[in-house]
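Asker: Counting with this note's numbering, you get residues 74 to 390 for the letters of the sequence shown.
C-beta atoms are modelled at their ideal positions from N, C-alpha and C, and glycine is treated no differently.
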Amino acid sequence: MPAFDLFDPQVVPRGIAVHMKTPFLEDLRLDEVSFERTARHSVDIGAAMIIVGQRGCETLQLSAEQRERSLEISLAVSHPHVPVLATATGASIPDIVATAKRYEQMGADTLSVLSPSWSASSKDNLTCLAAVAEAVSIPMFARCSDWGCTLSVEELAELPKRIPGVVYLKEEDTEWVRRIKALLALPGGKDYLGIMGGMIPPGIIAGYQAGARLFMCAADVTEVLMATFDAMEAGDIEEARRVERLHLPLSYFKSYVRGQYDNKMTLHRRGLFDHPRIALPAWHHGFEQLTDEEEEMLTSALRLLVPFFGKYPPRLD
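#1: To which residues does DSSP link Cys222 through a beta bridge?
#2: Based on DSSP bridge pairs, tell me the residues matched to Ile124.
#3: Assign Leu377 to one of three DSSP states: helix, strand, or coil.
#4: Label Ala161 either buried or exposed according to how many other C-beta atoms from any shown protein chain fall within 10 Å of its C-beta, with 16 as the threshold for buried.
#5: Select from Gln83, Leu79, Ile89 the residue whose C-alpha is nearest the C-alpha of Asp293.
#6: Who are the near neighbours of Pro322 in its chain, counting only those whose CB is closer than 6 Å to its CB and skipping five residues on each side?
#7: Taking the runs of the alpha helix (DSSP H) that are 4 residues or longer, which of them lie wholly in the region 218-296?
#8: Under the rule that 16 or more other beta-carbon atoms within 10 Å means buried, what is Leu259, buried or exposed?
#9: Can you have a look at Ala149 and say buried or exposed, based on whether 16 or more other CB atoms are within 10 angstroms of its CB?
#10: Within the chosen definition, does the region 137-148 reach the region 365-383 through at least 3 CB pairs nearer than 8 Å?
#11: Can you check which of these residues, Ile118, Thr183, Ala291, Thr95, is closest to Arg140 by C-alpha distance?
#12: By DSSP, does Gly359 sit in helix, in strand, or in coil?
#13: Mind checking whether Ile253 and Val205 have CB atoms under 8 Å apart?
#14: Is the beta carbon of Cys217 sitting closer than 8 Å to the one on Glu245?
#15: Name, in chain order, the residues that DSSP records as bridge partners for Thr183.
#16: Measure the Cβ-Cβ separation of Phe101 and Ala352 and say whether it is below 8 Å.
#17: Give me, in chain order, the residues of the same chain whose beta-carbon lies closer than 8 Å to that of Ser165; leave out the 5 immediate sequence neighbours on both sides.
#18: Are Gly126 and Ala159 touching if we call contact CB-CB under 8 Å?
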């Protein structure tokens, strides 16, 4: 059973949700110790939600059993403190429906779906979403896009009425700030209980101003984004901008590193992950390791952020 009734407007998650990345052992199985450590730390520092199984966390490199194990760990650590968003995927819509029902039985508080990779249109994605929403009794997150098929803001505005159970939105298009603002100006746009903005840190301030109150990030810099969000909640935009300026060098360096290593290098430096290894072949091109000079660039960027990390401060030597 879920620990949270996320249909209740009084318990809608607000703040920074942690997008769980996948730590690997040498055989590319899930490093359960590192995963649990990261989930527990995220809960301890006050994450608004734990997100498991999204496409951008190498989840498709794991077996179905390993994906289920990652959810099991997340639920054990998070409940009854923090809600868990699980992502159901599979080779076909019936597979995804079966997975979603199993995740609900395990105790997931809310679900999103990753449509089959053969999906060729937004219609395919909506068919999958509707099938899952009909099969489960917990709330659903709509995703603005999958496999290159992006829903228009007009389509998104219709979803809460078109598919009962879809009451949350995960907006991660490259123009997500503008799209959220446009969505909330449309009839139906305000029917969502919550809208989650993307992961790009410079967008937190603009995303908040556009109307988002839930944001997603990896666990490497959650505390920094929490400080930005808290400043916006307090109406102190200058403090939010100050924190953002401190964060920008690391953000720029991540755009240079790219891929999954951009988060894992810091998760490892902080001691949350025992190893920063990525799965190969990688779904997202980027570095597999850093040179000595690049390690020093990372150190310089992290040094600015040390005051935000009460626990698991990054190694700077």
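Answerer: Let me spell this out:
#1: Beta-bridge pairing links Cys222 to Asp219.
#2: BP columns for Ile124 point to His92, Leu158.
#3: In this structure, Leu377 counts as coil in the three-state DSSP scheme.
#4: That one is buried.
#5: Nearest C-alpha to Asp293: Ile89.
#6: Within the same chain, Ala374 come within 6 Å of Pro322 by CB-CB distance, once the 5 residues on both sides are set aside.
#7: You should have 226-235, 249-257, 276-283.
#8: Exposed, since its Cβ has fewer than 16 Cβ neighbours within 10 Å.
#9: With fewer than 16 Cβ atoms within 10 Å of its Cβ, Ala149 is classed as exposed.
#10: The region 137-148 vs the region 365-383: no contact.
#11: Checking every option, the nearest Cα to that of Arg140 belongs to Thr95.
#12: DSSP places Gly359 in the strand class (E or B) of the three-state scheme.
#13: No, these two residues do not count as a Cβ contact at 8 Å.
#14: Yes, they are a contact pair.
#15: Residue pairing for Thr183: DSSP places it in a beta bridge opposite Leu158.
#16: The sequence shown places Leu at residue 101, not Phe. Contact flag set, yes.
#17: Around Ser165, the same chain offers Pro189 as residues with beta carbons nearer than 8 Å, after the five sequence neighbours per side are excluded.
#18: Closer than 8 Å, so yes.
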